[in-house]
Structure formats: C-alpha cells, structure tokens
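**Q** Okay, so the sequence shown: first residue is 1 according to UniProt numbering, each after it adds one. The C-beta atom is built at its ideal place from N, Cα and C for all residues, glycine as well.
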Amino acid sequence: MTVLTVAQATVRFLEAQYTERDGVARPFFAGCWGIFGHGNVAGVGQALLERELSDDPSHLRFFHGRNEQSMVHAAVAYARQRDRLAAMAVTASVGPGATNMVTGAALATINRLPVLLLPGDTFATRVASPVLQELENTQQGDISVNDIFRPVSVHFDRVNRPEQLASALLHATRILTDPAETGAVTLALPQDVQAESYDFPDGLFARRVWHVARPVPEPAALARAVAAIRSARKPLIVAGGGVTYSGANDALLAFVEATGIPVGESQAGKGALPYDHPQSVGAIGATGTTAANALAAEADVVIGIGTRYSDFTTASRTVFADADVRFVNLNVSAFDTHKHSATGLVADAREGLTALTAALDGWTADPAHTERATALAAEWDAIVQRAYDGEGAPVVAEGLAIQSQVIGAVNELSDPRDVVLCAAGSMPGDLHKLWRTRDRKGYHVEYGFSCMGYEIAGGLGVKMAALDQAEAGDDADRDVFVMVGDGSYLMMNTELVTAVAEGVKVIVVLVQNHGYASIGALSQSLGSQRFGTAYRYRSADGRLDGDKLPVDLAANAASLGADVLAVAGIEEFRAAVLKAKASTRTTVIHVETDPLVPAPDSPAWWDVPVSEVSVLESTQQARLAYDDHKTRQRPYLTPASHTTALPKDHS
1 MTVLTVAQAT VRFLEAQYTE RDGVARPFFA GCWGIFGHGN VAGVGQALLE RELSDDPSHL
61 RFFHGRNEQS MVHAAVAYAR QRDRLAAMAV TASVGPGATN MVTGAALATI NRLPVLLLPG
121 DTFATRVASP VLQELENTQQ GDISVNDIFR PVSVHFDRVN RPEQLASALL HATRILTDPA
181 ETGAVTLALP QDVQAESYDF PDGLFARRVW HVARPVPEPA ALARAVAAIR SARKPLIVAG
241 GGVTYSGAND ALLAFVEATG IPVGESQAGK GALPYDHPQS VGAIGATGTT AANALAAEAD
301 VVIGIGTRYS DFTTASRTVF ADADVRFVNL NVSAFDTHKH SATGLVADAR EGLTALTAAL
361 DGWTADPAHT ERATALAAEW DAIVQRAYDG EGAPVVAEGL AIQSQVIGAV NELSDPRDVV
421 LCAAGSMPGD LHKLWRTRDR KGYHVEYGFS CMGYEIAGGL GVKMAALDQA EAGDDADRDV
481 FVMVGDGSYL MMNTELVTAV AEGVKVIVVL VQNHGYASIG ALSQSLGSQR FGTAYRYRSA
541 DGRLDGDKLP VDLAANAASL GADVLAVAGI EEFRAAVLKA KASTRTTVIH VETDPLVPAP
601 DSPAWWDVPV SEVSVLESTQ QARLAYDDHK TRQRPYLTPA SHTTALPKDH S
C-alpha cells in the first residue's frame, strides 16, 4: 500500500499504462498538457511537479499549452499520428479552463481518437460553496460546468472519493485503448479530492499492458460479404481512416491487386493507397475527384472499409446513384457496419481484408471496369498537374498566388514522408482533391469536426508524435506542413508560442485571403452573396463592405517567436518552402492568394438547405438548384437480405 493524493495516484497510474498490438508494447500516455488555475494547480499540478523532480526517467512529461482547446487539439493530433496506440492527458482548472476544452472533446469523439481530459471541479464537500467560477443550479445541487462534457465524451465520470479512483482510471483506460469505443474520456476531479490522501494498493501502479485486439470476421458474416462482392459488376472501395489506424495499408494493397477493385478515399482514408497506384481514384464525395465520383455513380456494390460515411463522403447520399446499389461495410465498430443497410463485417481492417482476399481467391472484377478506373484516375491526375501549374486560371493581381499553386508547390517540394495538415476552410476540400499522398501518414486533415483553430495545435501534436516515434526507432522524423487560412489563424494561433518554447519545428503556410474563402463560396452558391464572410471596414452605409482591414498576420506570427517569411507570388513562395525545410526552427510562410479562383472540381453536391422563400433573386435561384439536387438524394434503406438468399422461415 502507498499513501498518495488522488492527483499523485492518477499521475503514477498513467505512467504505468502500455498498449500492445502485434507483439509490440509501448507507453500509452506520452504526456500531460496543462494550464493551471486554482482548480488543479495544487492537485494535478503538484503531482506532475513531484514526478518531474524525481529520478524516475519514465515520469509523465508535462507540456505547457496556451489555450485549453488547443491543448486538446494537440493531444488528439498526437494520437492520430500514433494510430491511436498512444495518447495524452489534458488538465485544466475549474470554470472557463474546463469549458474551453469542450470543443476539443467533441472533435476527439467525432473522429474516434483517444484523449483523457482531467478538468478540475468544484469542492466535493461543498464546504465553501459557491467557490470562484462555480455554476449554481437551482434544480440540481450536484451539477457543475463539467457536466457539459457528458454529451461530447464517450465516457464521463466524476471522482468524488479517493476510493472511486481505481475503478474510474481502469475503466477510462479500457475505453481509450479500444478502437471500437475510443474518443474523449473525461474524469472530473473536484479540487479538494485531488489533494486528499489515501492508502492505494500497489497493484494500481504496476505496469499494465492493454492488448489492442484485431478481431477477426465471423465466418457467416464473411460468407455474406463474399457473396455480395462476387455478385458485383462494378464494385468500388471507400477507404476510411480505419485502414490506416489498423495498419491495413499493405492488406488493402494485396486485396485490390488480387481483385481489381478501384479505391476511393474519404478525408481520413486519404493515403490508404499511394496516389499513383493504378487503382487509386482519389477523393470521393462532395470534395471528390471526377474519377472517384464517376465510378461511385455506377457502383452496384460499395465496400466501405473503416469509414463512418460522413455526408461529405457520400455527397449527402447522392454520389452512389445506382438504383440497386448495395453496401458491404468492414469496420471494427458494429455501429458503422450497419450504415446504409449494409452487409456488415465486424473486424479489424487488416484481418478483415486478409480474410476477404483469401475467400475471394480466383475472383476479380471485370478487367474493363479496372482499366476504366485507371484511365479516369490518369485523367484526373492531369487536371491536378494543370492546377499545380496554374494553367487555365484567370490572371490574378501582381503578388498574389492561386491556392492550387500553393498546394502544388508544397506537394512537389516536400519529402514523400512529410505530413500536410489542415482542418477548415477551402483548403481541406482542395487538399482532398489535389494532394498527391505518397505515404500512409503523409495526410492529416481533421474533417470530422472541421474545427477552425485545430491547425497549428494539431501540427504541433503531429510533430511531437513524429519525434517520439523517431526516438523510439519506430519511424523517421518528418516535417509537418500546417496549411491554414487567415480565418483559422485568427481563431487560434497561440500554440506557435508552445512550438517555439519546446523547440519543436513546424512549417506553417499561412494563406491570407482577407476572409472566409470557403464559406464565402458556399454563401454565394446558396444565394447569400458572400454576406459576412470578408474582413472589411464598416462603410458609411453601415455594411461591412469597406476596404480590407490592415491586419498584419506576418508581424503577429513574428511577435509569437516564429521565424516569418512573407512572400509575394508563387516563385517567392517556392523559395520560402525550401528555406523553411532547411531550417531547424518553426517557420511561418505568409502568402496572399486570390479567394475567387477555385480549384478544379467534380459536380458532387453537399446538402445545405436554402431558404424556401426570399425576396432575393439570388436565393430564389439557389433554391431551385437545391430542389433539383434533393430529387437525387437516396435513403439507402434497402436491406442487405433483399438480394441474398434468406434462411427458411419456421415461424
């Protein structure tokens, strides 16, 4: 038995947790991010200090963030880069410190990525209520602001007594290490309980290894999936993030080369195959390529692998247009296997693909279908190259670049193993279509929550993961290119300070277009005339349509300690990329682009409702277009059994 405070016991427990998959064990908790206030400074803060000053080299590392939300983003990005086999904890004080983490919690849960949140809470004893920053509720005496974490966490608990800590920690870690359940786990820690001592069993702090299982397909489910695939005339794979998280890239490669089935990619699944593989047709859905979406329109069997089928992936359920389209879904989560009335295959992606490859031995898709996919992909790649070169684009003002040229320059000048990272604005859609992914971990776009402000913090988390993997001999170090627009930069840029403090290099490509390019284009397409999407002075008539604001984001980045390269035009930009690559310091490349020059596109749709009535002609016309698209929307409700033999009914 060991006498420790609850906070000290929590830190000691986190240090002793490991994950193991395929016989390789590694520490699960790589560190704890924190900003201290009265709700955690004497509890978790004291415990982290005590361990840092100890002689134990395995003490839990502490990272000092500048914003609670961005700390969660960095932790989540770290977990994603580590394929969910390692994660981080994040601690904050009571009140605003805690609630600032809620957005990050939602992002983690939506993207199925593990993060442990340790918000401080008000006194369990209530001896001095209401304490500073305490929310009082006249109907519920046991509520606090931390209850807001319940709907955005996969698991929530409040530790009101030291005796509760062991079960809370064990249950939290079990969920965090389960690929089918993982997301944000919140353990609210009342500030008095954090400092309370207890005689904890030594077994709580023994090295504990959590086996990350690779569930194999159930034979009958495998047989049903094989039957559905064998019946296909024009099959298509949708590769999601589960392919990469399970390390199933080689298994996917073997499967498609054995069967001839082409592969489209969701945002999280981009990089499942190298971009230049003959059967890789690229991005699918609302931000998809002409190749992937043409094949999707004809597909009679869609094989989803590790995807949750967001509305962008399905183009709001319009991209899979065959009248009798059927789905086969391979996923570690049963919840996702049943989407679109699919034939479900609950299994690890690698094990499921290996089983499918063996069971389909000798069967291939029609060679003409495979050849057509390769030809369509080549056509799209030629379009990408023209976009990289700026061919066919309208002439822009001197000193401006085109966003597709910026993407092309980074793609061509970066190393194949470097990582491009983004989250919101027009850039994610352009990257999805245009980025040529050459490494399974080379593309990191957060598009589950598409959270403005994720970018710089996320880039820091990815770089920290790359450094840890290189140090452990698991992987080589990579440069991380953070692609961020001025809108997202202004939302959250403070982790530049953390990157500088930690000596962790990221390359930030800061695209200045004086407003919200993505929402501006969407607003125009919906008849709302780009209202409220440009950064402008208020004019004499009271509208925000005056001159551009004199915001100097390059100077701002420099004031935060980063090296800054302010460039004009694409040639200066290319030189700056090479200079940033050669540097050892965090570097921000500031470049202005023309927001009115779009990237090449496919005619896919995204369902954003338009006002049914309006006095504006622009809105009236947009509603007509919307109603036309709605006629093509599909429910995908036909049961999988509709096209397969049913067992005898003995009712």
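Mind the definition here: the stretch 256-274 touches the stretch 233-246 only if three or more C-beta pairs lie below 8 Å; say whether that holds.
**A** yes
**Q** DSSP three-state call for Phe62: helix, strand or coil?
**A** By one-based count along the sequence shown, residue 62 stands at place 62. Here Phe62 sits in strand by DSSP.
**Q** Mapping DSSP to helix, strand and coil, what is Arg280?
**A** Walking along the sequence shown from the start, residue 280 turns up at place 280. Looking at the sequence shown, residue 280 is not Arg but Ser. In the structure shown, Ser280 sits in a strand (DSSP, three-state: E or B).
**Q** Go to His369, then tell me how far its alpha helix (DSSP H) extends in each direction, as first and last residue.
**A** Locating residue 369 in the sequence shown gives position 369, where the first residue counts as 1. Run containing His369: Pro367 to Asp389, per the alpha helix (DSSP H) assignment.
**Q** Determine the direct distance from the alpha carbon of Thr593 to that of Gly442, and round the result to whole angstroms.
**A** As a first step, residue 442 is located in the sequence shown; it is residue number 442 there, counting from the start. As a first step, residue 593 is located in the sequence shown; it is residue number 593 there, counting from the start. Their backbone Cα atoms lie some 24 Å apart in a straight line.
**Q** Identify, in the order they occur along the chain, each residue of the same chain with its Cβ nearer than 8 Å to the Cβ of Asp389, setting aside the five sequence neighbours on each side.
**A** Stepping through the sequence shown from its first residue, residue 389 is reached at position 389. These residues qualify, in order along the chain: Gln405 and Gly408.
**Q** Out of curiosity, what's the CA-to-CA distance linking Thr488 and Lys581?
**A** Within the sequence shown, residue 488 is the residue found at index 488, counting from 1. Within the sequence shown, residue 581 is the residue found at index 581, counting from 1. Looking at the sequence provided, one finds Ser at residue 488 rather than Thr. Answer to the nearest angstrom: the Cα atoms are 23 Å apart.
**Q** Which value, in whole angstroms, describes the spacing of the CA atoms of Arg21 and Ala213?
**A** One-based indexing of the sequence shown puts residue 21 at position 21. One-based indexing of the sequence shown puts residue 213 at position 213. One C-alpha to the other measures close to 7 Å.
**Q** By alpha-carbon positions, which one of Ser450, Pro639 and Asp415 ends up nearest to Ser310?
**A** Locating residue 310 in the sequence shown gives position 310, counting from the first residue. Nearest option by C-alpha distance: Ser450.
**Q** Report all residues from its chain with a CB closer than 6 Å to the CB of Arg150; omit the five preceding and five following residues, and keep chain order.
**A** What you label residue 150 is simply residue 150 of the sequence shown in a count that begins at 1. So the list reads Phe156, once near-sequence residues are dropped.
**Q** For a quick check, are the C-beta atoms of Val328 and Ile303 less than 7 Å apart?
**A** As a first step, residue 328 is located in the sequence shown; it is residue number 328 there, counting from the start. As a first step, residue 303 is located in the sequence shown; it is residue number 303 there, counting from the start. Cβ atoms of Val328 and Ile303: closer than 7 Å.
**Q** Over the uninterrupted beta strand (DSSP E) stretch that includes Pro27, give me the two end residues.
**A** Position 27 of the sequence shown, counted from the first residue, corresponds to residue 27. In this chain, the beta strand (DSSP E) harbouring Pro27 covers Val24 to Pro27.
**Q** Ordered along the chain, which non-local residues of its own chain (more than five positions away) have a Cβ less than 6 Å from that of Ala280?
**A** Here residue 280 refers to the residue found at position 280 when the sequence shown is read from its first residue. Sequence check: residue 280 is Ser here, not Ala. Correct list, in chain order: Val263 and Leu273.
**Q** For Met483, write down the residues that DSSP places opposite it in a beta bridge.
**A** Locating residue 483 in the sequence shown gives position 483, where the first residue counts as 1. According to DSSP, Met483 bridges with Val509.
**Q** Straight-line CA distance for Val131 to Val94?
**A** If you number the sequence shown from 1, residue 131 lands on position 131. If you number the sequence shown from 1, residue 94 lands on position 94. Taking the straight line from one Cα to the other gives about 10 Å.
**Q** Residues bridged to Cys422 by DSSP?
**A** As a first step, residue 422 must be located in the sequence shown, where it is residue number 422. As computed with DSSP, Cys422 is found in a beta bridge with Val445.
**Q** Taking the alpha-carbon positions, what's the Asn249 to Val243 distance?
**A** Taking the sequence shown and counting its residues from 1, the one referred to as residue 249 is at position 249. Taking the sequence shown and counting its residues from 1, the one referred to as residue 243 is at position 243. Asn249 and Val243 have their C-alpha atoms some 6 Å from each other.
**Q** Can the beta-carbon of Ala7 be found less than 7 Å from the beta-carbon of Gly39?
**A** Working through the sequence shown from its first residue, we reach residue 7 at position 7. Working through the sequence shown from its first residue, we reach residue 39 at position 39. No, Cβ-Cβ distance for Ala7 and Gly39 is not below 7 Å.
**Q** Should Thr125 go down as buried or exposed, given a rule of 16 or more other Cβ atoms within 10 Å for buried?
**A** The count along the sequence shown starts at 1 and reaches residue 125 at position 125. It is exposed - the Cβ of Thr125 has fewer than 16 other Cβ atoms within 10 Å.
**Q** Of all the options Tyr537, Glu495, Val509 and Thr533, which has the alpha carbon lying nearest to the alpha carbon of Ala554?
**A** For the purposes of this step, residue 554 is taken as residue 554 along the sequence shown, with counting starting at 1. Of Tyr537, Glu495, Val509 and Thr533, the residue nearest in Cα terms is Val509.
**Q** Measure how close the beta-carbons of Val301 and Ala349 come, nearest whole angstrom, since I'm counting them as under 8 Å.
**A** For the purposes of this step, residue 301 is identified with residue 301 of the sequence shown, where counting begins at 1. For the purposes of this step, residue 349 is identified with residue 349 of the sequence shown, where counting begins at 1. Actually they do not touch by this definition, with Cβ atoms about 18 Å apart.
**Q** Report all residues from its chain with a CB closer than 8 Å to the CB of Val41; omit the five preceding and five following residues, and keep chain order.
**A** Mapped onto the sequence shown, residue 41 falls at position 41. Cβ neighbours of Val41 beyond the five flanking positions: Ser93.
**Q** Taking 8 Å as the cut-off, does the stretch 181-199 touch the stretch 110-124 (at least 3 CB pairs, one atom from each stretch)?
**A** In short, these stretches touch, since the Cβ pair count reaches three.
**Q** Taking Cβ to Cβ, would you say Leu544 is nearer than 7 Å to Arg536?
**A** Here residue 544 refers to the residue found at position 544 of the sequence shown. Here residue 536 refers to the residue found at position 536 of the sequence shown. In this structure, Arg536 lies closer than 7 Å to Leu544 by Cβ.
**Q** Using 10 angstroms around the beta-carbon of Trp210, count the other beta-carbons present and answer buried if the total reaches 16, otherwise exposed.
**A** Here residue 210 refers to the residue found at position 210 of the sequence shown. Flag for Trp210 reads buried.
**Q** Please tell me whether Glu502 has its Cβ less than 7 Å away from any Cβ of chain D.
**A** Included in the structure is just one protein chain, with no chain D present.
**Q** Should Asp430 be labelled buried (16 or more other beta-carbon atoms within 10 Å of its own) or exposed?
**A** Walking along the sequence shown from the start, residue 430 turns up at place 430. Asp430 should be labelled buried.
**Q** What's the C-alpha gap between Val3 and Arg12?
**A** Locating residue 3 in the sequence shown gives position 3, where the first residue counts as 1. Locating residue 12 in the sequence shown gives position 12, where the first residue counts as 1. When the Cα atoms are used, Val3 and Arg12 turn out to be separated by approximately 12 Å.
**Q** Any idea what DSSP makes of Gln633, helix, strand or coil?
**A** What you label residue 633 is simply residue 633 of the sequence shown in a count that begins at 1. If DSSP states are grouped into helix, strand and coil, Gln633 belongs with coil.
**Q** Among the residues of its own chain, which have a CB less than 6 Å from the CB of Asp199, if the five just before and after it don't count?
**A** The residue you call residue 199 lines up with position 199 of the sequence shown. Only Met1 and Val3 meet the Cβ criterion.
**Q** For Glu571, count neighbouring Cβ atoms within 10 angstroms of its own Cβ and tell me buried if that reaches 16, exposed if not.
**A** Here residue 571 is taken as the residue at index 571 of the sequence shown, counted from 1. Result: exposed.
**Q** When the distance is taken between beta carbons, is Ala108 closer than 7 Å to Ala30?
**A** Locating residue 30 in the sequence shown gives position 30, counting from the first residue. Locating residue 108 in the sequence shown gives position 108, counting from the first residue. Not in contact: Ala30 and Ala108 (Cβ atoms no closer than 7 Å).
**Q** Can you tell me whether Thr138 is buried or exposed? The criterion is at least 16 other CB atoms within 10 Å of its CB, across all chains shown.
**A** Here residue 138 corresponds to residue number 138 of the sequence shown, with the count starting at 1. Per the 10 Å Cβ criterion, exposed.
**Q** At the level of alpha carbons, what is the spacing between Trp606 and Leu616?
**A** In the sequence shown, counting from the first residue as 1, residue 606 sits at position 606. In the sequence shown, counting from the first residue as 1, residue 616 sits at position 616. When rounded, the distance between both Cα atoms is 22 Å.
**Q** When the Cβ atoms of the stretch 492-511 are set against those of the stretch 65-75, are three or more pairs found closer than 8 Å?
**A** yes
**Q** Could you tell me which residues DSSP pairs with Lys463 in its beta bridges?
**A** As a working note, residue 463 is residue 463 in the sequence shown. None, per the DSSP bridge assignment.
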